[in-house]
Amino acid sequence: MADGLLAYPQGSVRSIAYSPDGRQLATGNIQTTKSSPDIAVAVWDANTHALLATPLGGPSEDAADNSALAYTADGRYLLAAFRDKDGPIDIIDAHTLRLVDTVHAFSVSMFAIAVERRGPRFVVTSGRNLMIWTLQDNP
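For what it's worth, the numbering used here labels the leading residue of the sequence shown as 48, then goes sequentially.
So, in C-alpha cells, the structure goes:
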C-alpha cells in the first residue's frame, strides 16, 4: 500500500535518495533544456511530504540533468552529481540545505554516486572510470 504521492513541480524525477535518519527525501530531475528554470535538486520532508527546499546545488548555466543523489552515512551532506561537461558534484549541507562546495571529478558526465556506510568516502562513476573522494570535516 502506498503511503503517499509527491507531485514533482517540473520535469521528471531521475534520482532519489533517503537521508539516513529517514526524515528527508531528495529528488533530482531531468531538465528539458540546459537553460530551462527546472528544479535540479529538491528536498522533501519524508513524513509530511512538504517541499523543504529547491533548487539546491546545480545546475550551472551549462549543466544538464541531475544523474545521482546520495546522503553521507552520518546524514551531514547530500551529494548531487550532474550530467555535465565538467562532471560537477555538489556538496549540500543536509541540515541547512545550502550548497557548501562543488567538486569536479571528471571532464565528462557523472552517472552514479555511492557513499561509504561508515566513513567519509564516496565514489562516482562516469562510465568506465571510478573516482573515490574523501570528505573533509568542512568541504
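All C-beta atoms in this analysis are idealised placements derived from N, C-alpha and C, irrespective of residue type, glycine included.
From a predicted model like this one, the values you see are computed outputs, not experimental measurements.
Taking Cβ to Cβ, would you say residue i is nearer than 8 Å to residue j?
| i | j | result |
| --- | --- | --- |
| Gly75 | Ala127 | yes |
| Val150 | Asp140 | no |
What separation, rounded to the nearest whole angstrom, lies between the Cα atoms of residue i and residue j?
| i | j | result |
| --- | --- | --- |
| Ser62 | Thr181 | 22 Å |
| Pro67 | Ala73 | 12 Å |
| Pro135 | Phe169 | 14 Å |
| Thr79 | Val60 | Confidence at Thr79 is low in this model, with a pLDDT of 49, below 50, so the placement of that residue should be treated as unreliable; the coordinate-derived value is given next. When rounded, the distance between both Cα atoms is 12 Å. |
| His96 | Ser173 | 32 Å |
| Val171 | Leu125 | 14 Å |
| Phe129 | Arg164 | 22 Å |
Compare the C-alpha of residue i against each of the options and name the closest.
| i | options | result |
| --- | --- | --- |
| Gly122 | Arg130, Ile138, Ser114 | Ile138 |
| Arg175 | Val147, Glu163, Ala159, Phe129 | Ala159 |
| Thr119 | Ser59, Met178, Ala64, Val90 | Ala64 |
| Ala117 | Ile136, Val60, Gln183, Ala161 | Ala161 |
| Thr101 | Ser114, Ala115, Leu144 | Leu144 |
| Asn94 | Leu177, Ser114, Val88, Gln71 | Gln71 |
So for residue i, helix, strand or coil by DSSP?
| i | result |
| --- | --- |
| His96 | coil |
| Asn76 | strand |
| Thr172 | strand |
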